[in-house]
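**Q** Residue numbers for the sequence shown follow the UniProt record's numbering, beginning at 1 and rising by one.
This is the structure, below, for whatever I ask next.
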Amino acid sequence: MAGILGNALKTVCSNYVPVRNPLKSAEWWQRNFGLEYAVPYNAAEAQAILKLSDGQWLHLVETDGPIDNQFPNKAGYEMFRLTFEVRQIEVLYDHLRENGVKTAELEDRDSCGINFVFYDLDGNKFDVNECVNVHRTPEAVERLKGHLFGLVR
């Protein structure tokens with residue numbers, strides 16, 4: 001069957017995130033990331049649907065149940081379910097920290113790029129990535145890493 005279909009999965013079009021208050025959460029995502037509504041808010045659906053810059057939808061779904069967006073990997077590290085791709089990661093990182101968003105430190109994940117983890121209003125854990133080696137010149141990557149991590153070569 002795989003031969004007939006090839007790689008049948010094209011992209012992830014929607015991601016569902018458990019939240020306590022969809023409107024308050026949507027405002028937080030708008031303020032911190034500039035996201036816009038994909039469709040008008042409908043209270044009957046108990047979710048706010050926002051659109052990422054490439055068109056994927058982020059569903060902020062109201063729940064009274066547990067918020068369990070994380071899970072431990074085999075080594076016990078609390079994993080996130082989503083990694084967002086960004087440009088100018090250093091600008092976003094500074095913006096989130098200035099806005100009081102809970103963030104972890106920036107990490108150089110070598111060929112994977114530069115990443116950091118942040119948490120939304122409900123404690124959901126997310127990862128952010130910029131593949132700097134793909135989107136910046138080697139000189140720009142060295143300057144960025146030197147600035148962010150104090151690396152001198």
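Even for Gly, the Cβ is constructed at its ideal location relative to N, Cα and C.
(1) Given a threshold of 16 other Cβ atoms within 10 Å of its Cβ, counted over all protein chains shown, does residue 4 qualify as buried or as exposed?
(2) So what's residue 47 in DSSP terms, helix, strand or just coil?
(3) Distance, Cα to Cα, residue 97 vs residue 6?
(4) So, residue 69 versus residue 10, is the Cβ gap smaller than 8 Å?
(5) Taking C-beta to C-beta, are residue 16 and residue 86 nearer than 8 Å?
(6) If you run the structure through DSSP and keep just helix, strand and coil, what is residue 85?
(7) Which ranges does the beta strand (DSSP E) cover as unbroken runs of at least 3 residues, wholly within the region 9-53, from first to last along the chain?
(8) Taking the continuous alpha helix (DSSP H) assigned at residue 105, which residues delimit it?
(9) Could you work out which residue in 18, 63 and 150 is closest to residue 82 when comparing CA atoms only?
(10) Ignore the nearest five residues each way along the sequence and tell me which others in residue 22's own chain have a CB closer than 8 Å to its CB.
(11) Classify residue 104: buried if its beta carbon has 16 or more other beta carbons within 10 angstroms, exposed otherwise.
(12) By alpha-carbon positions, which one of 72, 91 and 26 ends up nearest to residue 50?
(13) Could you give the residue range of the beta strand (DSSP E) that holds residue 116?
**A** Working from what's here:
(1) exposed
(2) Strand.
(3) 43 Å
(4) no
(5) No, the pair does not count as a contact, with Cβ atoms beyond the cut-off.
(6) strand
(7) Within the region 9-53, the complete beta strand (DSSP E) runs of at least 3 residues are 14-19 and 47-51.
(8) Per DSSP, residue 105 belongs to no alpha helix (DSSP H) and is neither H nor E.
(9) 18
(10) 41, 46, 47, 48, 60, 61 and 62
(11) exposed
(12) 26
(13) 114-119
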